[in-house]
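The working numbering puts the first residue of the sequence shown at 11, with every later residue one more than the last. C-beta atoms are modelled at their ideal positions from N, C-alpha and C, and glycine is treated no differently. Owing to the predicted nature of the structure, the values given are computational and were not obtained by experimental measurement.
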Amino acid sequence: MASTTAKSYEQRIVTHPSPLAKRLLKTMAEKKTNLCVSLDVQTKEQLLGLAETLGPYVCCFKTHVDIYSDFTYESVVEPLVALSQKFNFLIFEDRKFADIGSTVKSQYTSGIYQIVKWAHITNAHALPGPGIIDGLYAGTKDIADERGLLLLAEMSSEGSLATGDYTVQTVELARRNKEFTFGFIAQNRLGNDDEDFIIMTPGVGLDDKGDGLGQQYRTVDDAVSGGSDIIIVGRGIFGKGRDPITEAKRYRDAGWNAYLSRVK
Ligand code: 5BU
Numbered sequence: 011m012a013s014t015t016a017k018s019y020e021q022r023i024v025t026h027p028s029p030l031a032k033r034l035l036k037t038m039a040e041k042k043t044n045l046c047v048s049l050d051v052q053t054k055e056q057l058l059g060l061a062e063t064l065g066p067y068v069c070c071f072k073t074h075v076d077i078y079s080d081f082t083y084e085s086v087v088e089p090l091v092a093l094s095q096k097f098n099f100l101i102f103e104d105r106k107f108a109d110i111g112s113t114v115k116s117q118y119t120s121g122i123y124q125i126v127k128w129a130h131i132t133n134a135h136a137l138p139g140p141g142i143i144d145g146l147y148a149g150t151k152d153i154a155d156e157r158g159l160l161l162l163a164e165m166s167s168e169g170s171l172a173t174g175d176y177t178v179q180t181v182e183l184a185r186r187n188k189e190f191t192f193g194f195i196a197q198n199r200l201g202n203d204d205e206d207f208i209i210m211t212p213g214v215g216l217d218d219k220g221d222g223l224g225q226q227y228r229t230v231d232d233a234v235s236g237g238s239d240i241i242i243v244g245r246g247i248f249g250k251g252r253d254p255i256t257e258a259k260r261y262r263d264a265g266w267n268a269y270l271s272r273v274k
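Given below as C-alpha cells:
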C-alpha cells in the first residue's frame, strides 16, 4: 500500500502544502467523518433543510448552485455560510470550470453566484491547459479565507474520456500550483506519495449500481481502499424513500471504518 494512503488525516495536516487541505483534514479529524454530501435538490428550502439536518455528519457539502430554482445570493448563500460556521463544514461548489483563464476568472468571481466569495472548494476540467488554474487562482486574490481547487482527473460516468494519458497529464498540471490545487476528483489514488493530493470520489452508493443515465456506483469500501480520502454521496442519502439522517450516519460510519482499516 502506498505510504500516503496509510498516513492518518492528523499526520497529513502537518505536512500538506495547501492551507485549504489542512483545514479540510482538520475538520475531518475533529468530526470523524470523510463524508461529503452532494446537495442536488431543486429548491433552497430543500437545500437548507438538508444542510441543517446533515451538518453534524459531514466534513463538506457539495453544491450545484445553478440548479436551485429559487436562488438568490441572500437567501441561499448567506444562510448556507452561516450553517457552515455553525456545524463546521466546508462548501464545495461543483462548478466544473472548463474555459480559458480569463473567462473562468470572471465566472468564478462575478455574476449572480460569485462562487469564490463563499465556496471553499471548486473544481475544473484540465482540458483547457494551465491557464485555467492560473485564471482561477487569480480570482482568489482578494479573498482572505482559504480556497482550493480540485482537477477532474477521472469521472464516475460510464464511457468517461478522462482516462489514461488524460489522467496522467491532469496530475502533471496539478503540480503547477500545489498550494491552490490540492487534489482531484478521481476514482483512484493519484500522484506520488510525498505529494499527498486529496482524492474526492463521487459515484459512491451502497444500494444501487447506477441511475440509468450513465452514473456508476461503487461501494464505500471499494472507493476508500482504492485511495479515496473523501466519499461524495447524493441520492444514496436523500433519494426517494430514504431517510437522510439514517443514511448519512450509515455512509459516515462506512467511510470512517474504511479509513481506519486503511491507516491501521
Ligand atoms: P449521486 O446522486 O450520488 O449520483 O450524485 C453524484 C454527484 O457527484 C452529482 O452532483 C454529480 O454532478 C457529481 N459527480 C459525479 O457523479 N461524477 C463525477 O465524475 C463528477 C461529479 Br466529476
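Subject >> Other residues of its chain near Glu-164: CB distance less than 6 Å, five sequence neighbours each side excluded >> reply: Ala-172, Thr-177, Ala-196 and Gln-197
Subject >> Member of Gly-65, Phe-102 and Glu-55 whose CA lies at the smallest distance from the CA of Val-86 >> reply: Glu-55
Original post:
In this structure, does DSSP put Thr-82 in helix, strand or coil?
Top reply: coil
**OP:** Kindly list the residues whose CB is nearer than 7 Å to the CB of Asp-144, restricted to its own chain and excluding five residues on each side of it in sequence; keep chain order.
**Re:** Gly-111
Subject >> Nearest candidate by alpha-carbon position, reference Arg-245, set Gly-237, Ile-255, Ala-108 and Asp-239 >> reply: Ile-255
Original post:
What is the DSSP secondary structure of Met-210, counted as helix, strand or coil?
Top reply: strand
Original post:
If you draw a straight line from the alpha carbon of Leu-223 to that of Ser-170, how long is it in whole angstroms?
Top reply: 13 Å
Original post:
Three or more C-beta pairs closer than 8 Å, one from the segment 53-69 and one from the segment 119-128: is that the case here?
Top reply: no
Original post:
In the structure shown, what three-state DSSP assignment does Thr-173 receive?
Top reply: coil
Original post:
Is Ser-238 near the ligand 5BU, going by C-beta to nearest heavy atom under 7 Å?
Top reply: no
Original post:
What residue range is occupied by the uninterrupted beta strand (DSSP E) comprising Val-230?
Top reply: Looking at the DSSP string, Val-230 is not in any beta strand (DSSP E); the run it does join, the alpha helix (DSSP H), is 230-235.
Subject >> Assigned exposure category for Thr-211 - 16 Cβ within 10 Å defines buried >> reply: buried
Subject >> Beta-ladder partner(s) of Glu-103, from DSSP >> reply: Thr-73 and Thr-132
Subject >> Rounded straight-line distance, which links the Cα of Ser-116 to that of Leu-200 >> reply: 30 Å
Subject >> Straight-line gap, Asp-232 to Thr-191 (C-alpha atoms, nearest Å) >> reply: 25 Å
Subject >> Integer-rounded CB distance, given that Phe-71 should sit under 8 Å from Phe-99 >> reply: 6 Å
**OP:** Alpha carbon to alpha carbon, how far is Val-214 from Leu-45? Give it in angstroms, no decimals.
**Re:** 11 Å
Subject >> Residue range of the unbroken alpha helix (DSSP H) whose run includes Gly-141 >> reply: 141-149
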